[in-house]
Amino acid sequence: LQRHRESEDSTKPTFSFEFFVPKTSQGVQNLYDRMDRMYQTHPQFIDITWNAGGRLSQLSTDLVSTSQSVLGLETCMHLTCTNMPVELIDEALEKAYVSGCQNILALRGDAPINAGEWKPCDGGFSYAKDLVRYIRKKYGDHFDIGVAAYPEGHPEESGDDMLIEYLKEKIDCGADFIVTQMFYDADIFIDWCRRVREAGINVPIIPGIMPITSFASFMRRADWCQIHIPEEFLAKLEPVKDDDQLVRDIGTELISGMCQKLLDSGYVTHLHLYTMNLEKASIMILDRLGLLPDESDNVQDNVMPLPWRKSL
Ligand code: FAD
Numbered sequence: 007l008q009r010h011r012e013s014e015d016s017t018k019p020t021f022s023f024e025f026f027v028p029k030t031s032q033g034v035q036n037l038y039d040r041m042d043r044m045y046q047t048h049p050q051f052i053d054i055t056w057n058a059g060g061r062l063s064q065l066s067t068d069l070v071s072t073s074q075s076v077l078g079l080e081t082c083m084h085l086t087c088t089n090m091p092v093e094l095i096d097e098a099l100e101k102a103y104v105s106g107c108q109n110i111l112a113l114r115g116d117a118p119i120n121a122g123e124w125k126p127c128d129g130g131f132s133y134a135k136d137l138v139r140y141i142r143k144k145y146g147d148h149f150d151i152g153v154a155a156y157p158e159g160h161p162e163e164s165g166d167d168m169l170i171e172y173l174k175e176k177i178d179c180g181a182d183f184i185v186t187q188m189f190y191d192a193d194i195f196i197d198w199c200r201r202v203r204e205a206g207i208n209v210p211i212i213p214g215i216m217p218i219t220s221f222a223s224f225m226r227r228a229d230w231c232q233i234h235i236p237e238e239f240l241a242k243l244e245p246v247k248d249d250d251q252l253v254r255d256i257g258t259e260l261i262s263g264m265c266q267k268l269l270d271s272g273y274v275t276h277l278h279l280y281t282m283n284l285e286k287a288s289i290m291i292l293d294r295l296g297l298l299p300d301e302s303d304n305v306q307d308n309v310m311p312l313p314w315r316k317s318l
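Right, dumping it as structure tokens:
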């Protein structure tokens, strides 16, 4: 874990960044600079999404490999089951293993665009839990394994209790941590955490935080993920919807307030920012929360516990 850094204050909340795979090798190249720059803010790790359908899987594994073994960033690789027979799963895992990557977010994946209902491929897995079980069996404790969760439900499953039951199955198959779908309503999230804990799920919960960069993308993403928008968000953002700068400033204030509430709830010690491969909005939120390093931070180039390696 070459550039895995430790702040002297071990109670200070930590954070990480998600990047998605650009469509071209040139785009990947451009992303490296941004990743390296953003790493100067001392995230605990970064993660790289997996393109459902495996279409960009070569780019994903290349990006993970370079990020981990060349740039020396603690990296988490997303991996999905969509169109991935076990031979391709093996290939991806082996490449991650060889690069020194030790963190996998194991997902089922969505159906490829225009493919209709999700179906397992021949020789592939049906659920994320099958992938978790497989990685654990094949690689023992080499990989720390995360799984996805949906505080406001999943489009294919309307029952909240069933979703928590399925989440428990993924943990029981060997997962170490949970990363959630984005949300804007802290109260819904906190109540969901309570129910997760009541169900006997004790691994760290990492909230997925989506910055607000424009009014249109804010509304589109909320609609896409079918998540509740609190009244306060609409009341403050709608009147300034045509001014991107104001939307970003007010959005930063709203998201920072939400994050602070999550941290205060005691369920969360780490924030995972969906950067959408952009720098500014995520950095503004971290700045507002006082989580960016300052000169007094004793930052060392040594190993620190990742959120899922700390005792809760
Ligand atoms: P699962 O947990 O396997 O669930 C899939 C469906 O099956 C759900 O509807 C669930 O309710 C149901 N189910 C689960 N277990 C059972 C069971 N035992 N019996 C019956 N039904 C069951 N997608 C990508 O393509 N690439 C990414 O990089 C990516 N990253 C993501 C990161 C995060 C943090 C999140 C929250 C999602 C991400 N996704 C990504 C989207 C994800 O792949 C989809 O939401 C997908 O539809 C579900 O994946 P899952 O791993 O949660 O699946």
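Read in order, the letters of the sequence shown are residues 7 to 318 in UniProt numbering. Glycine included, each C-beta is placed from N, C-alpha and C at the ideal position. Just so we're clear, the structure is a prediction, and the values are computed from it rather than from any experiment.
- Lys-101 has its Cβ no nearer than 7 Å to any heavy atom of ligand 1.
- Per DSSP, reduced to three states, the secondary structure at Leu-279 is strand.
- Thr-186 carries a strand assignment under DSSP once its states are collapsed to helix, strand and coil.
- Residue ranges of uninterrupted alpha helix (DSSP H) with 4 or more members, entirely inside the stretch 67-147 and ordered along the chain, are 92-105, 134-145.
- Between the C-alpha atoms of Phe-23 and Leu-298 there is a straight-line separation of about 13 Å.
- For Thr-81, the CB stays at least 7 Å from every heavy atom of ligand 1.
- In this structure, Gly-159 has its CB at a distance of at least 7 Å from all heavy atoms of ligand 1.
- Excluding residues up to 5 positions away in sequence, Asp-150, Ile-151, Gly-152, Val-209, Trp-314 lie with their Cβ nearer than 7 Å to the Cβ of Asp-182 in the same chain.
- With a 10 Å radius around the Cβ and a threshold of 16 neighbouring Cβ atoms, Val-104 comes out exposed.
- Glu-238 and Ile-256 have their alpha carbons spaced roughly 11 Å apart.
- Here Gln-187 is near Tyr-156, since their CB atoms are less than 8 Å apart.
- Excluding sequence positions up to five before and after Lys-176, its CB lies within less than 7 Å of the CB of Ala-134, Lys-135, Val-138, Val-153, all in the same chain and listed in chain order.
- The way I'd put it, the stretch 158-177 doesn't touch the stretch 95-104; fewer than three beta-carbon pairs between them come closer than 8 Å.
- Taking Val-253 as the centre and dropping the five residues before and after it, the same chain places the C-beta of Ile-218, Ser-220, Phe-221, Leu-243, Val-246, Lys-247 closer than 7 Å to its C-beta, in chain order.
- Judged by the Cβ position, Gln-187 qualifies as a neighbour of ligand 1 at the 7 Å threshold, a heavy atom of the ligand being closer than this.
- Between Met-83 and Ile-52, the beta carbon gap of about 10 Å keeps them out of contact (Cβ cut-off 8 Å).
- With a threshold of 7 Å, the Cβ atom of Val-153 counts as near ligand 1, since some heavy atom of the ligand is closer than that.
- Relative to ligand 1, the nearest heavy atom lies less than 7 Å away from the CB of Gly-214.
- Relative to ligand 1, Lys-135 has its C-beta within less than 7 Å of a heavy atom.
- Here Phe-51 carries a strand assignment [DSSP, helix/strand/coil].
- Taking C-beta atoms as the reference points, Thr-81 and Gln-74 count as a pair closer than 8 Å.
- Secondary structure of Ile-215 (DSSP, three-state): strand.
- As computed with DSSP, Thr-30 is found in no beta bridge at all.
- Excluding sequence positions up to five before and after His-160, its CB lies within less than 7 Å of the CB of Leu-169, all in the same chain and listed in chain order.
- DSSP places Gly-263 in the helix class (H, G or I) of the three-state scheme.
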